[in-house]
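If you want the numbering used here, it's the 1-based position in the sequence shown plus 927.
Glycine included, C-beta positions come from ideal geometry on N, C-alpha and C.
Given the structure is predicted, the values throughout are model-derived calculations rather than measurements.
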Amino acid sequence: MLETIIVVILVIVFWNPIFMNTIGPFIIWKTQKIPTDINFVSVDESKFISERNEIFHSYDKSLSESGFSNIGSSLMMNSHSTGHFRLYWNNENTMAAMVVNMVSKVEDITYLEITQKYEDGVVIDVNNSPVPESYPKMDFKLVFRYPKLHSADEMVKILQNIKSKTKPGSTPVSISGGFKEVSEFIRKESDELLRLGLVKNEIDETGKRSLTLKGAFAMTFRSVPPGRRIRAYLSEKNARKYSESV
928 MLETIIVVIL
938 VIVFWNPIFM
948 NTIGPFIIWK
958 TQKIPTDINF
968 VSVDESKFIS
978 ERNEIFHSYD
988 KSLSESGFSN
998 IGSSLMMNSH
1008 STGHFRLYWN
1018 NENTMAAMVV
1028 NMVSKVEDIT
1038 YLEITQKYED
1048 GVVIDVNNSP
1058 VPESYPKMDF
1068 KLVFRYPKLH
1078 SADEMVKILQ
1088 NIKSKTKPGS
1098 TPVSISGGFK
1108 EVSEFIRKES
1118 DELLRLGLVK
1128 NEIDETGKRS
1138 LTLKGAFAMT
1148 FRSVPPGRRI
1158 RAYLSEKNAR
1168 KYSESV
């Protein structure tokens, strides 16, 4: 009887990750698509912010206290999730920020990200997302994740520190153009995934690209255990070395 119980426990513990990493990619290959040409939905600002959760409001307040001004809110709806976005701009620091709430059947996450773009097109992104980036490393996007931070001021200081180490002498440029610039960056990311062989070239009527089988396996490994946990640990470890001197 004891042996049977042990076997059942082992199946529960190990079967789910095995299933997700072997069968999961084929399901994702057939069902998931990558945003490419996106038209963000316009929203009523007062209604939008009134419907957001407490964490969203706390980040909104933190950004306001750090000198960021709201420049617009929007939605992005997919077959499996809905994203709620609020954009901000700080003219003094030449930095943009965004509060994001992503809701799906399996999770509901809210996080803050602060970005700065430079003349060569490279963007530094500092965020506190509880989950690591699902896309592979891209040369034009330097991502640093600090899930334990909740202060816009601290994140701004960290971004400035990262800039001094990775882009010394680089001149930041304005990215205050709102969701038009966000859409352009999403297209740039999708084109890079195409170059890497992770998505197909064709864009469907909803503005999305289908994953290749290679892309489905890559995205699955980066999004489910144990790959997700490994990447979460490594991304925090990599980011930590830039915050220790702040």
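Item                                                                                                                                                                 : Value
For LEU1039, I'd like the list of residues in its chain whose CB is within less than 8 Å of its CB, leaving aside the five on either flank, ordered along the chain. : TYR986, SER989, LEU990, ALA1024, MET1025, VAL1026, VAL1027, ASN1054, ASN1055, HIS1077, ALA1079 and MET1082
If you follow the alpha helix (DSSP H) that VAL1083 is part of, which residue opens it and which one closes it?                                                      : 1079-1093
Considering only C-alpha positions, which residue in the set GLY1048, ASN1018, THR1009 and ASN1020 is nearest to ILE1036?                                            : THR1009
Could you tell me the boundaries of the beta strand (DSSP E) in which LEU1123 lies?                                                                                  : Neither: LEU1123 is in no beta strand (DSSP E) and is coded neither H nor E.
Between the beta-carbon of SER1061 and the beta-carbon of ARG1149, is there less than 8 Å?                                                                           : yes
Check each candidate in PRO1099, GLY1105, SER1001 and PHE983 and name the one with the smallest Cα separation from SER877.                                           : Nothing in the structure corresponds to residue 877, since the chain is present only between 928 and 1173.
Using DSSP's beta-bridge definition, name the partner residues of VAL1030.                                                                                           : THR1009 and ASP1035
So SER1061 is in the beta strand (DSSP E); what residue range does that whole segment cover?                                                                         : Premise fails: SER1061 is in no beta strand (DSSP E) and is neither H nor E.
Could you tell me the distance, in whole angstroms, from the CA atom of GLU1046 to the CA atom of GLY1096?                                                           : 11 Å
Per DSSP, what kind of secondary structure is ILE950 in: helix, strand or coil?                                                                                      : coil
Would you say GLU1014 and PHE1106 are within 8 Å of each other, going by their C-beta atoms?                                                                         : The identity of residue 1014 in the sequence shown is Leu, whereas the question assumes Glu. A contact, by the Cβ cut-off of 8 Å.
Between which residues of its own chain and THR931 is the CB-CB distance below 6 Å, once the five residues before and five after are set aside?                      : In this predicted model, THR931 has a pLDDT of only 43, less than 50, meaning its place in the structure is not dependable enough to derive any value.
So the alpha helix (DSSP H) ILE982 belongs to, where does it begin and stop?                                                                                         : 981-992
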